[in-house]
Amino acid sequence: MALTEISQWRAWLHLFERSIQVEEKQGYRNIKGREYFFADFILSHLDNIELNANQASKVNRLKNMFTLYPLSAVAERREMIRETRQHLLSLGKQSQPPAEPQSQPAQTKVARNKPPAVKVSQSSEADWRDVPVQFVKSVGPKLGESFAKVGVGTVGELLSYYPRKHLDYSQCTPIAELRAGKLATVWGSIYKVSSYTPPGKANLAIIKVVIRDGSGRLNLSFFQRGGNYLRRQFEQRFPLNAQIILSGTVKWDKYSQGLTLDSPEFEVLGDTENADSQSDSLHLGRIVPIYPLTEGLNIKWVRRAIHNALQAYAPRISDPLPAALKQRLGLIGFAEAIQAFHFPLSEESLRDARNRLVFQELLLTQLGLLYRREQHNSQSGGLKIQTTGKLAQAFLQQLPFTLTGAQQRVYQEILKDLRSENPMSRLVQGDVGSGKTVVAVLALLEAIEAGFQGALMAPTEILAEQHFQKIFQWLLPLNLQTELLIGSQGAKQKRETLARLASGEAHLIIGTHALIQEGVNFSRLGLAVIDEQHRFGVKQRATLRAKGQTPEILSMTATPIPRTLALTVYGDQDVSQIDELPPGRKPVETKLVRGSQREQTWEFMRQEMDAGRQCYVVFPLVDESEKMDLKAATIEYERYREHVFPGYNVGLLHGKMKGQQKESVMRAFVKNEHQMLVATTVIEVGVDVPNATVMIIEHAERFGLAQLHQLRGRVGRGADRAYCFLVTDKLSEIAKERLQIFTQTQDGFVIAEQDLRLRGPGEFLGTRQSGLPDLLLTNLVEDTQWLELARTEARSIIAADPDLSQFQNRALKQEVYRFFRRHLSSLDA
Ligand code: ADP
Ligand code: MG
1 MALTEISQWR AWLHLFERSI QVEEKQGYRN IKGREYFFAD FILSHLDNIE
51 LNANQASKVN RLKNMFTLYP LSAVAERREM IRETRQHLLS LGKQSQPPAE
101 PQSQPAQTKV ARNKPPAVKV SQSSEADWRD VPVQFVKSVG PKLGESFAKV
151 GVGTVGELLS YYPRKHLDYS QCTPIAELRA GKLATVWGSI YKVSSYTPPG
201 KANLAIIKVV IRDGSGRLNL SFFQRGGNYL RRQFEQRFPL NAQIILSGTV
251 KWDKYSQGLT LDSPEFEVLG DTENADSQSD SLHLGRIVPI YPLTEGLNIK
301 WVRRAIHNAL QAYAPRISDP LPAALKQRLG LIGFAEAIQA FHFPLSEESL
351 RDARNRLVFQ ELLLTQLGLL YRREQHNSQS GGLKIQTTGK LAQAFLQQLP
401 FTLTGAQQRV YQEILKDLRS ENPMSRLVQG DVGSGKTVVA VLALLEAIEA
451 GFQGALMAPT EILAEQHFQK IFQWLLPLNL QTELLIGSQG AKQKRETLAR
501 LASGEAHLII GTHALIQEGV NFSRLGLAVI DEQHRFGVKQ RATLRAKGQT
551 PEILSMTATP IPRTLALTVY GDQDVSQIDE LPPGRKPVET KLVRGSQREQ
601 TWEFMRQEMD AGRQCYVVFP LVDESEKMDL KAATIEYERY REHVFPGYNV
651 GLLHGKMKGQ QKESVMRAFV KNEHQMLVAT TVIEVGVDVP NATVMIIEHA
701 ERFGLAQLHQ LRGRVGRGAD RAYCFLVTDK LSEIAKERLQ IFTQTQDGFV
751 IAEQDLRLRG PGEFLGTRQS GLPDLLLTNL VEDTQWLELA RTEARSIIAA
801 DPDLSQFQNR ALKQEVYRFF RRHLSSLDA
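According to the numbering used here, the sequence shown is numbered sequentially starting from 1.
Rendered as structure tokens:
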């Protein structure tokens with residue numbers, strides 16, 4: 001082997017390593033270099049490497065990975081990089097010169113590489129959308145910098161800098177015809193500007209502006225905080241005699257005994273003399289776009305820039321949607337939609353434009369998710385689990401109850417997955433107590449009957465133990481060997497369990513993270529169930545998967561997410577819902593309680609505890625002041641223990657405690673050694689203490705409804721009547737509405753829908769969950785029918801063309817990549 005070839009390999013590896021390091025430092029964003037995005041950069045190099053057979057399979061694997069990279073969540077990307085490193089390392093070794101001179105030349109033929117300096121491939125996107133925004137006519141470097149502040153760096157980003165709303169300036173009302181209570185648009189000239197500071201409010205200025213048109217005069221009031229400098233700046237936005245357009249709700253002002261507009265939307269059009277008719281046509285007498293602005297970004301400049309960009313580039317906008325699809329759904333073209341969404345000619349064309357853009361963004365999301373899943377499937381090929389179902393039947397027969405309709409349905413859905421060749425990717429959502437465990441056991445029995453082993457992983461030891469106790473009893477009559485594996489077991493016990501697992505003697509193992517540790521070897525793992533899946537990371541799921549020859553994975557969660565949101569958050573999983581509780585469940589009686597009535601709840605708690613039952617008291621924990629809240633919970637705990645409930649056994653549980661510590665407090669509560677638990681929100685999900693009957697939630701208004709629902713689910717698990725008291729002090733109307741909804745229903749899905757409606761998806765989900773693109777236009781509450789439509793269409797496109805490689809889908813595929821990589825900003829792992 002020539003020395004130069006070895007050094008070329010070194011150069012390759014060095015180059016990869018360098019770009020990987022940068023990518024890692026940037027948080028796996030698929031960063032863009034001078035020419036390529038990271039993944040494309042790696043791909044283009046991999047394409048240029050010449051290989052021997054040995055290396056080819058590894059490099060192909062790498063190519064597959066980097067094809068998926070832009071579509072993957074950050075945690076998955078991290079895994080990919082890790083794997084890449086390993087491959088590169090071994091590729092590097094394989095290309096070392098052979099130590100034995102007799103080894104065959106054919107096998108050691110090393111790639112004759114082109115030099116690592118990449119040639120610019122023609123296929124690299126020299127897309128006009130990547131042209132820097134400053135080159136748009138009327139923009140330039142200075143305004144370009146202001147655009148950068150709002151995330152607009154390129155022409156493409158400029159065109160998708162969508163208006164936050166539109167105002168109809170084509171319908172102006174003469175001042176003389178204004179009526180109180182009506183929304184109106186008024187066009188006049190600025191006549192007078194003055195301001196004053198109301199007594200006792202030094203920091204507030206009220207700016208009064210008078211405008212007039214041919215028919216009369218109108219007063220405007222604006223309120224400005226923050227001292228004289230800002231006040232003067234604000235005043236300067238109203239040059240005398242300038243034309244101004246305003247939009248707002250007309251009010252009757254009792255002081256001036258006249259009509260007024262308070263803080264209307266407004267736009268100053270420059271003074272009449274300089275009016276340039278061409279430019280004003282963008283801002284006058286039509287429906288105008290209102291953009292989010294920032295310092296240095298004036299609305300007219302934004303409009304002008306977008307207008308100019310459209311003029312220059314609209315003819316080059318190609319439509320990614322196949323024509324047949326557009327026609328069938330009655331959607332307008334892409335270029336037309338962008339144009340009309342910025343500068344609509346009528347309300348109707350605005351609506352058509354928005355529909356088209358919303359549909360596209362949802363379709364791209366769904367296609368990306370389904371495509372990603374399709375690629376995973378084709379790479380990991382699932383098991384085919386085919387049985388007569390006799391184990392499951394035997395199990396059902398000896399259960400003391402029959403399945404609910406919902407359990408039945410979800411069981412069937414799972415069976416279908418198991419029997420198909422594709423790997424299962426299903427999430428079962430079901431309210432607390434809806435009976436997910438039984439369904440999971442049914443699935444596990446299928447795998448066992450087919451000759452595989454099953455695993456059930458829970459997030460805490462207590463949960464694992466509870467599952468074990470129940471399931472062990474259930475499976476005993478079936479002659480099945482059920483095992484428990486948790487960290488706190490003794491070494492000898494663990495060793496024996498592991499041996500039975502490796503030999504295949506054990507049929508089912510239940511445990512915590514301990515299941516995915518090294519040294520845990522299955523003889524034939526066929527199905528792994530992950531309970532409370534949101535408590536595990538992508539990585540842990542992947543590790544579990546790697547324990548078998550690609551076992552099937554079934555995830556479960558008790559956190560209900562509205563279907564619309566589930567489709568976007570879990571778009572690449574199938575979602576099954578157990579939306580029905582077993583019969584005979586008594587609702588938890590839920591009441592709003594004022595802080596001043598706290599004493600009564602205490603008295604009530606004493607009665608319950610005297611009758612042998614147990615209580616929870618929960619305090620909120622808000623991120624910004626975590627320490628203070630923690631202190632609050634600790635102080636309250638001391639107070640409860642010493643003053644309010646002396647003589648009772650009170651425990652404390654909070655997020656800062658170590659795992660072991662938490663477990664032991666919970667354990668004491670399970671055993672009724674603590675009669676009462678004062679806790680921050682860390683009360684373990686899914687823990688079953690049937691004897692607990694009272695849940696007190698302090699500052700209930702600070703929790704999301706879904707969270708409240710989770711907390712309430714901790715009680716009402718036994719035969720006794722259960723209660724949930726929401727303690728609040730001051731409540732806004734909205735907060736009251738929220739909490740009232742909560743007191744009136746026990747249905748987790750209804751609550752989740754309401755929560756989503758009231759708080760919006762961002763807050764609802766908390767931190768971003770997966771590598772999903774931002775939706776720029778879609779409103780997940782209101783656009784549900786578009787989401788369903790996009791989902792259906794995406795499914796049928798992928799079903800017909802899983803690789804999106806058919807001619808009519810090429811543009812779509814490119815757009816999917818573009819969409820995911822440009823908007824993927826989630827850095828959460
Ligand atoms: P979760 O969905 O919260 O995990 P579990 O599976 O723990 O719910 O079930 C809650 C309780 O309801 C358990 O005691 C379980 O045995 C019981 N259960 C499950 N399904 C039914 C049913 N169809 N009828 C009656 N009880 C049921
Ligand atoms: Mg459960």
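Note that CB positions come from ideal geometry on N, CA and C, so glycine has one too. Keep in mind that this is a model prediction, so the values were computed, not measured.
Member of His45, Leu282 and Gln311 whose CA lies at the smallest distance from the CA of Arg303: In the sequence shown, residue 303 corresponds to position 303, counting from 1. Ranked by Cα distance from Arg303, the first of His45, Leu282 and Gln311 is Leu282.
To which residues does DSSP link Gly430 through a beta bridge? Residue numbering aside, residue 430 sits at position 430 when the sequence shown is read from its first letter. Partner(s): Ile578.
How is Val210 classed by DSSP in three states: helix, strand or coil? Here the question's residue 210 lines up with position 210 in the sequence shown. In this structure, DSSP gives Val210 an extended state, which the three-state scheme calls strand.
Please confirm if the stretch 479-491 is in contact with the stretch 558-565, defined as three or more CB-CB distances below 8 Å between the two stretches. Inter-segment contact for the stretch 479-491 and the stretch 558-565 is absent: fewer than three beta-carbon pairs are separated by less than 8 Å.
Let me check one thing: in DSSP terms, what residues is Leu218 bridge-paired to? Here the question's residue 218 lines up with position 218 in the sequence shown. Answer is Ile211.
Is it buried or exposed for Val816, if we count other Cβ within 10 angstroms and need 16 for buried? Here the question's residue 816 lines up with position 816 in the sequence shown. Under this definition Val816 is a buried residue.
In the DSSP assignment, what residue or residues form a beta bridge with Gln224? Along the sequence shown, one-based indexing puts residue 224 at 224. According to DSSP, which records beta bridges pairwise, Gln224 is partnered with Ala205.
To the nearest angstrom, how far is the alpha carbon of Ser19 from that of Phe38? By one-based count along the sequence shown, residue 19 stands at place 19. By one-based count along the sequence shown, residue 38 stands at place 38. A direct Cα-to-Cα measurement between Ser19 and Phe38 gives close to 7 Å.
Mind reading off the beta-carbon distance from Ala735 to Glu701? Whole number of angstroms is fine, and I expect it under 8 Å. The residue labelled residue 735 in the question sits at position 735 within the sequence shown. The residue labelled residue 701 in the question sits at position 701 within the sequence shown. Indeed they touch by this definition, with Cβ atoms about 5 Å apart.
Three Cβ pairs or more, each shorter than 8 Å: is that satisfied between the stretch 382-389 and the stretch 453-470? The stretch 453-470 and the stretch 382-389 do not touch, with fewer than three beta-carbon pairs separated by less than 8 Å.
Quick check on the burial criterion: 16 or more other C-beta atoms within 10 angstroms. Buried or exposed for Asn30? Mapped onto the sequence shown, residue 30 falls at position 30. Buried is the label assigned to Asn30, since at least 16 other Cβ atoms lie within 10 Å of its Cβ.
First and last residue of the uninterrupted beta strand (DSSP E) at Trp128: Numbered from its first residue, the sequence shown carries residue 128 at position 128. Per DSSP, Trp128 lies in no beta strand (DSSP E) and is assigned neither H nor E.
Per DSSP, Ile244 forms a beta bridge with which residues? Position 244 of the sequence shown, counted from the start, is the residue given in the question as residue 244. For Ile244, the pairing in a beta bridge is given by DSSP as Gly188 and Val268.
Classify Tyr169 as buried or exposed, calling it buried when 16 or more other Cβ atoms lie within 10 Å of its own Cβ. For the purposes of this step, residue 169 is identified with residue 169 of the sequence shown, where counting begins at 1. The Cβ neighbour count for Tyr169, taken over all protein chains shown within 10 Å, is at least 16; the residue is labelled buried.
Let me check understanding here. Comparing Cα to Cα, which of Ser256, Arg541, Gly156 and Pro587 lies closest to Ala75? As a first step, residue 75 must be located in the sequence shown, where it is residue number 75. Of the candidates Ser256, Arg541, Gly156 and Pro587, the one whose C-alpha sits nearest the C-alpha of Ala75 is Arg541.
Quick check on the DSSP output: the alpha helix (DSSP H) that includes Pro239 runs from which residue to which? Position 239 of the sequence shown holds residue 239. Note, Pro239: premise wrong, no alpha helix (DSSP H); not H, not E.
On a Cα-Cα basis, can you pick out the residue from Met666, Gln86, Leu677 and Ala184 that is closest to Phe266? Taking the sequence shown and counting its residues from 1, one reaches residue 266 at position 266. Scanning Met666, Gln86, Leu677 and Ala184 for the CA closest to the CA of Phe266 turns up Ala184.
Alpha-carbon to alpha-carbon, Thr693 and Tyr723: The residue you call residue 723 lines up with position 723 of the sequence shown. The residue you call residue 693 lines up with position 693 of the sequence shown. Rounded to whole angstroms, Tyr723 and Thr693 show a C-alpha spacing of 6 Å.
Hey, Ser138 and Ile175: beta-carbon distance below 8 Å or not? If you number the sequence shown from 1, residue 138 lands on position 138. If you number the sequence shown from 1, residue 175 lands on position 175. Not in contact: Ser138 and Ile175 (Cβ atoms no closer than 8 Å).
Just to check, is the beta-carbon of Ser576 closer than 7 Å to a non-hydrogen atom of the ligand ADP? The residue you call residue 576 lines up with position 576 of the sequence shown. Ser576 Cβ: outside cutoff for every heavy atom of the ligand ADP.
Beta-bridge pairing of Thr482 - partner residues as DSSP gives them: Counting from 1 along the sequence shown, the entry for residue 482 is found at position 482. Leu508, per the DSSP bridge assignment.
Quick one: Cα of Pro315 to Cα of Asn355, how far? As a position in the sequence shown, residue 315 is number 315, starting the count at 1. As a position in the sequence shown, residue 355 is number 355, starting the count at 1. So the two alpha carbons sit approximately 21 Å from each other.
Rank Arg791, Asp755, Gly651 and Tyr616 by C-alpha distance to the C-alpha of Phe725 and give the top, closest one. To locate residue 725, count along the sequence shown from 1; it is residue 725. The shortest Cα separation from Phe725 among Arg791, Asp755, Gly651 and Tyr616 belongs to Tyr616.
Beta-carbon proximity of Ala831 to Ser318, cut-off 8 Å: Since the first residue of the chain shown is 1 and the last is 829, residue 831 is not available in this structure.
May I have the straight-line CA-CA distance separating Glu505 from Leu498, to the nearest angstrom? Locating residue 505 in the sequence shown gives position 505, where the first residue counts as 1. Locating residue 498 in the sequence shown gives position 498, where the first residue counts as 1. When the Cα atoms are used, Glu505 and Leu498 turn out to be separated by approximately 10 Å.
Looking only at C-alpha atoms, which of Ile290, Leu444, Ile797 and Tyr69 sits nearest to Pro551? Locating residue 551 in the sequence shown gives position 551, where the first residue counts as 1. Among Ile290, Leu444, Ile797 and Tyr69, the Cα nearest to that of Pro551 belongs to Leu444.
With which residues is Lys591 paired in a DSSP beta bridge? Position 591 of the sequence shown holds residue 591. In the DSSP output, where bridge partners are listed per residue, Lys591 has Phe725.
Give a yes or no on whether the C-beta atoms belonging to Ile211 and Glu235 are separated by under 8 Å. Residue numbering aside, residue 211 sits at position 211 when the sequence shown is read from its first letter. Residue numbering aside, residue 235 sits at position 235 when the sequence shown is read from its first letter. With respect to Glu235, Ile211 sits apart: the two C-beta atoms are not nearer than 8 Å.
Contact between the stretch 646-653 and the stretch 573-586: three or more CB pairs below 8 Å? A contact between stretches requires three or more CB pairs, one per stretch, nearer than 8 Å, and the stretch 646-653 fails this requirement with the stretch 573-586.
Quick test of your reading: Leu259 and Ala335, contact by CB under 8 Å. State the CB separation rounded to the nearest angstrom. Mapped onto the sequence shown, residue 259 falls at position 259. Mapped onto the sequence shown, residue 335 falls at position 335. 43 Å between Cβ atoms; not a contact.
Residues sharing a beta bridge with Ile462, DSSP: As a working mapping, residue 462 is identified with position 462 in the sequence shown. Looking at the DSSP output, Ile462 bridges to nothing.
Should Val22 be labelled buried (16 or more other beta-carbon atoms within 10 Å of its own) or exposed? Against the sequence shown, residue 22 aligns to sequence position 22. With fewer than 16 other Cβ atoms within 10 Å, it is exposed.
Suppose you measure from the CA of Arg286 to the CA of Asp213; what does that come to, to the nearest Å? In the sequence shown, residue 286 corresponds to position 286, counting from 1. In the sequence shown, residue 213 corresponds to position 213, counting from 1. Arg286 and Asp213: Cα-Cα distance of roughly 19 Å.
DSSP state of Leu776 mapped onto helix, strand, coil: Counted from its first residue, the sequence shown places residue 776 at position 776. When secondary structure is reduced to three states using DSSP, Leu776 falls in the coil class, being assigned neither helix nor strand.
Hey, would you say the C-beta of Val438 is under 7 Å away from at least one heavy atom of the ligand ADP? Counting from 1 along the sequence shown, the entry for residue 438 is found at position 438. Val438: yes, Cβ under 7 Å from the ligand ADP.
In angstroms with no decimal places, state the Cα-to-Cα distance between Arg889 and Arg351. Past the boundaries of the shown model lies residue 889; the chain is included only from 1 to 829, so the question cannot be answered.
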